[in-house]
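Report on one structure; see the data block that follows.
In UniProt numbering, the protein residues as written are 1 to 368.
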């Protein structure tokens, strides 16, 4: 990893955690630079309790009570304090990663993963949990946990940022993609209740480009950090090195999918986002759907997306909202891509059934 990447990630770690990386990489005073193992100490119990959250999907019956949420601020505080002053512990470092992702989203992955890498490289001989009889399993299992168990957390992070509280996540995207694989009859019957990919795409289109500039930077830093950590683990663990490929691949999929939908917006969208922020500061300025004047291209597409979403719920059997969604999609294409779709893929004939995601019957397919 270049010095530039190192400096960026270390600076971001300090901004997110409030503690410079160097402070956590100083040896613990005493005979052992990694301090003491605290697995059976109250600190571990406190960290586990702070991470615990009630499952809202489990019926409570007569024992109904307020659901407990994980206290990620407390997990962060205890983890940082322990790593700096008491113990160099891989488990606690990974809990710090989990807490930071829940607090800061994609922005936390790169900086904290890089910290864990340097922690391992610096204290490998004395790091906790200890290596017993050349058995690395206690450590490698923790990395396997990162690669598997943090996937649902990452998939719940926001991939859109339109006005209001609602947002879509990668889990929503995957769910919508699963809905598209249902038989046409089922999709038609459940159309009102099924989340559709095009609905999420319209939200992506309505999201300011500045949001994605930050997300793409965060994702790229995360991918680079995971790749570098994997290479370091190869050196440290040899043939027993655990993989981080599942988490790396997930970040790449999120990046590439989102980028494919916003790559044509460029600086024009960023400037439009700045204008929208100025509009928000004006007392008489309301949201896109308020009937105020359209001031830029992004606002126009956002209004189209809002109208299409309303129409798809008001009359789900009408082709109109799907045509509007298609028009929005075309609006993000350059001339060559538009020509490819209209005249090569569709041969100059747009079929309303394909636009609505419905299969043609054999007679219609023959007539086309």
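Don't be surprised by glycine CBs; every beta carbon is placed ideally from N, CA and C.
(request) Taking 8 angstroms as the threshold, find out whether the stretch 26-44 comes into contact with the stretch 128-143 through three or more Cβ pairs. (result) When Cβ pairs closer than 8 angstroms are counted between the two stretches, the stretch 26-44 is seen to touch the stretch 128-143, the count reaching three or more.
(request) Would you kindly work out how many angstroms separate the C-alpha atoms of residue 321 and residue 259, rounded to a whole number? (result) Spanning the alpha carbons of residue 321 and residue 259 requires a straight line of approximately 24 angstroms.
(request) Have a look at the DSSP bridge pairing and note the partners of residue 89. (result) Paired residue(s): 128.
(message) Taking only three categories from DSSP, how would you classify residue 172?
(response) Helix at residue 172.
(request) Specify, as a first and last residue, the run of the alpha helix (DSSP H) that residue 32 falls within. (result) Premise fails: residue 32 is in no alpha helix (DSSP H) and is neither H nor E.
(request) Put residue 71 into one of helix, strand or coil per three-state DSSP. (result) Residue state, collapsed to three classes: coil.
(request) Could you check if residue 11 is buried or exposed, using at least 16 other CB atoms within 10 Å of its CB as the buried criterion? (result) When all chains shown are included, residue 11 counts as exposed.
(request) Examine the Cβ distances between the stretch 83-99 and the stretch 9-24 and report whether three or more of them are shorter than 8 angstroms. (result) Contact between the stretch 83-99 and the stretch 9-24 is established, with three or more Cβ pairs separated by less than 8 angstroms.
(request) Note down the Cα distance separating residue 198 from residue 323, rounded to an integer number of angstroms. (result) When rounded, the distance between both Cα atoms is 11 angstroms.
(message) Are the CB atoms of residue 28 and residue 87 within a distance shorter than 8 angstroms?
(response) Residue 87 is a Cβ neighbour of residue 28, given a cutoff of 8 angstroms.
(message) Quick check on the burial criterion: 16 or more other C-beta atoms within 10 angstroms. Buried or exposed for residue 280?
(response) Per-residue confidence for residue 280 stands at a pLDDT of 44, beneath the threshold of 50, marking its modelled position as unreliable; no derived number is given.
(message) Checking the sheet assignment: what are the DSSP bridge partners for residue 135?
(response) In the DSSP output, where bridge partners are listed per residue, residue 135 has 132.
(request) Take residue 120 as the anchor and find which of 227, 25, 343, 205 has the nearest alpha-carbon. (result) Comparing Cα-Cα distances from residue 120 to each of 227, 25, 343, 205, the minimum goes to 25.
(message) Checking the sheet assignment: what are the DSSP bridge partners for residue 318?
(response) Beta bridge pairing from DSSP links residue 318 with no other residue.
(request) Would you decide whether residue 134 is buried or exposed? Buried here means 16 or more other CB atoms lie within 10 Å of its CB. (result) Taking all protein chains in view, the Cβ of residue 134 is surrounded by fewer than 16 other Cβ atoms within 10 Å, so the residue is classified as exposed.
(request) Check whether the stretch 90-105 touches the stretch 203-212, counting contact only when three or more Cβ pairs, one atom from each stretch, lie closer than 8 angstroms. (result) With the cut-off at 8 angstroms, the stretch 90-105 and the stretch 203-212 do not touch.
(request) Determine the DSSP secondary structure at residue 243, reduced to helix, strand or coil. (result) Residue 243 falls in the coil class under three-state DSSP.
(request) Decide if the stretch 223-234 is in contact with the stretch 168-188; the criterion is three or more beta carbon pairs, one per stretch, under 8 angstroms apart. (result) No, they do not touch.
(message) residue 247 and residue 147 - do their beta-carbons sit closer together than 8 angstroms?
(response) For the pair residue 147 and residue 247, the CB atoms are nearer than the 8 angstroms cut-off.
(request) On a CA-only basis, which of 252, 194, 333, 232 is nearest residue 263? Give me that one, please. (result) Here the closest residue by C-alpha is 333.
(request) Using the Cα positions of residue 343 and residue 218, report the straight-line distance between them to the nearest angstrom. (result) If you take the alpha carbons of residue 343 and residue 218, they lie about 38 angstroms apart.
(message) Short of 8 angstroms in beta carbon distance, which residues of its chain neighbour residue 151, apart from the five on each side in sequence? Order them along the chain.
(response) Around residue 151: 246, 247, 250.
(request) Output the distance between the C-alpha atoms of residue 92 and residue 254, rounded to the nearest integer angstrom. (result) Distance between the alpha carbons of residue 92 and residue 254 is about 28 angstroms.
(request) Note down, in chain order, each residue of its chain lying with its Cβ closer than 7 angstroms to the Cβ of residue 212, except the 5 sequence neighbours on either side. (result) Taking residue 212 as the centre and dropping the five residues before and after it, the same chain places the C-beta of 258, 262 closer than 7 angstroms to its C-beta, in chain order.
(message) Buried or exposed, going by whether 16 or more other CB atoms sit within 10 Å of the CB of residue 326?
(response) Burial call: buried.
(request) Can you give me the Cβ contacts of residue 240 inside the same chain, cut-off strictly under 7 angstroms, excluding the 5 residues immediately before and after it? (result) Hits under 7 angstroms: 136, 140.
(message) By alpha-carbon positions, which one of 345, 265, 237, 196 ends up nearest to residue 308?
(response) Looking at the Cα atoms, 196 is the closest of the given residues.
(message) Using the Cβ count rule (16 or more neighbours within 10 Å means buried), how would you classify residue 232?
(response) With 16 or more neighbouring CB atoms inside 10 Å of its own CB, residue 232 falls in the buried class.
(request) Quick one: residues in its chain with C-beta nearer than 8 angstroms to the C-beta of residue 79, no 5 flanking neighbours on either side, listed in chain order? (result) Closer than 8 angstroms at Cβ, skipping near neighbours: 47, 92, 93, 95, 96, 99.
(request) Have a look at residue 347 and residue 311 and give me their C-alpha separation to the nearest angstrom. (result) Between residue 347 and residue 311, the C-alpha separation is close to 28 angstroms.
(request) Alpha carbon to alpha carbon, how far is residue 345 from residue 50? Give it in angstroms, no decimals. (result) Rounded to whole angstroms, the separation of the alpha carbons of residue 345 and residue 50 is 54 angstroms.
(message) For a minimum of 4 consecutive residues, which ranges assigned as the alpha helix (DSSP H) are wholly contained in the stretch 202-245?
(response) Fully enclosed alpha helix (DSSP H) runs of 4 or longer: 209-237.
(message) In whole angstroms, give me the CA-to-CA distance for residue 277 and residue 44.
(response) With a pLDDT of only 41 at residue 277, under the threshold of 50, the placement of this residue in the model should not be trusted; the figure read from the coordinates follows. When rounded, the separation of the alpha-carbon atoms in residue 277 and residue 44 is 45 angstroms.
(request) Flag this pair as yes or no: are the beta carbons of residue 124 and residue 244 separated by less than 8 angstroms? (result) Residue 244 is positioned such that its CB atom lies no closer than 8 angstroms to that of residue 124.
(request) Please say whether residue 149 and residue 169 have beta carbons closer to each other than 8 angstroms? (result) 8 angstroms or more divides the Cβ of residue 169 from the Cβ of residue 149.
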